[in-house]
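Peer 1: Pasting in a structure now, in structure tokens, and then I'll have a few things to ask.
Residue numbers (UniProt numbering): 1 to 122.
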């Protein structure tokens with residue numbers, strides 16, 4: 001019994017460490033009219049293995065220079081913000097922005113989900 005519990009626990013840990021699926025499917029929702037949500041952004045981290053940017057989190061443009069997202073989305077590596085895309089594939093309508101500064105809520109803690117909010121200055 002202990003062996004089964006150990007195997008299940010290890011499987012759970014490994015599955016939680018696996019990268020998020022980056023496919024084109026929409027889970028539990030439906031596709032919106034193209035470009036009907038111009039305020040939505042994709043926060044993308046650079047993957048050294050694939051040498052490309054990969055979607056990490058979503059965010060919302062709240063003013064021309066500020067994006068609202070979750071504090072658990074904070075990246076410590078090279079990243080970019082993509083605005084104006086209906087698809088994460090390259091589109092002519094996309095704007096790729098550099099983030100100048102990240103401001104996570106000062107009381108955010110990864111263990112407790114409270115205060116999971118962050119501003120990005122672009």
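Quick reminder that beta carbons are idealized off the backbone N, C-alpha and C, glycines included.
Let me know the secondary structure DSSP gives residue 71 once reduced to three states.
Peer 2: Helix.
Peer 1: Go ahead and pull the three-state DSSP assignment for residue 43.
Peer 2: Looking at residue 43 - three-state DSSP - the assignment turns out to be strand.
Peer 1: In the DSSP output, what is residue 58 paired with across the bridge?
Peer 2: Residue 58 pairs with 42.
Peer 1: Using a Cβ-Cβ cutoff of less than 7 Å, which residues in the same chain neighbour residue 72 once the five nearest sequence positions on both sides are dropped?
Peer 2: Counting only Cβ-Cβ distances below 7 Å, and skipping sequence neighbours, we find 110 and 116.
Peer 1: Counting Cβ pairs, one atom from each stretch, are 3 or more of them under 8 Å apart for the region 81-93 and the region 26-39?
Peer 2: Taking 8 Å as the limit for Cβ pairs, the verdict is that the region 26-39 does touch the region 81-93.
Peer 1: Given a threshold of 16 other Cβ atoms within 10 Å of its Cβ, counted over all protein chains shown, does residue 55 qualify as buried or as exposed?
Peer 2: Per the 10 Å Cβ criterion, exposed.
Peer 1: Does the distance from the CB of residue 41 to the CB of residue 58 come in under 8 Å?
Peer 2: Yes, they are a contact pair.
Peer 1: In the DSSP assignment, what residue or residues form a beta bridge with residue 102?
Peer 2: In the DSSP output, where bridge partners are listed per residue, residue 102 has 120.
Peer 1: Run through DSSP, which three-state label would residue 93 get?
Peer 2: Note: residue 93 maps to coil in three-state DSSP.
Peer 1: Under a three-way DSSP split, which group does residue 79 fall into?
Peer 2: Three-state result, residue 79: strand.
Peer 1: Buried or exposed, going by whether 16 or more other CB atoms sit within 10 Å of the CB of residue 50?
Peer 2: Exposed is the call here.
Peer 1: For residue 52, write down the residues that DSSP places opposite it in a beta bridge.
Peer 2: Residue 52 is bridged to 47.
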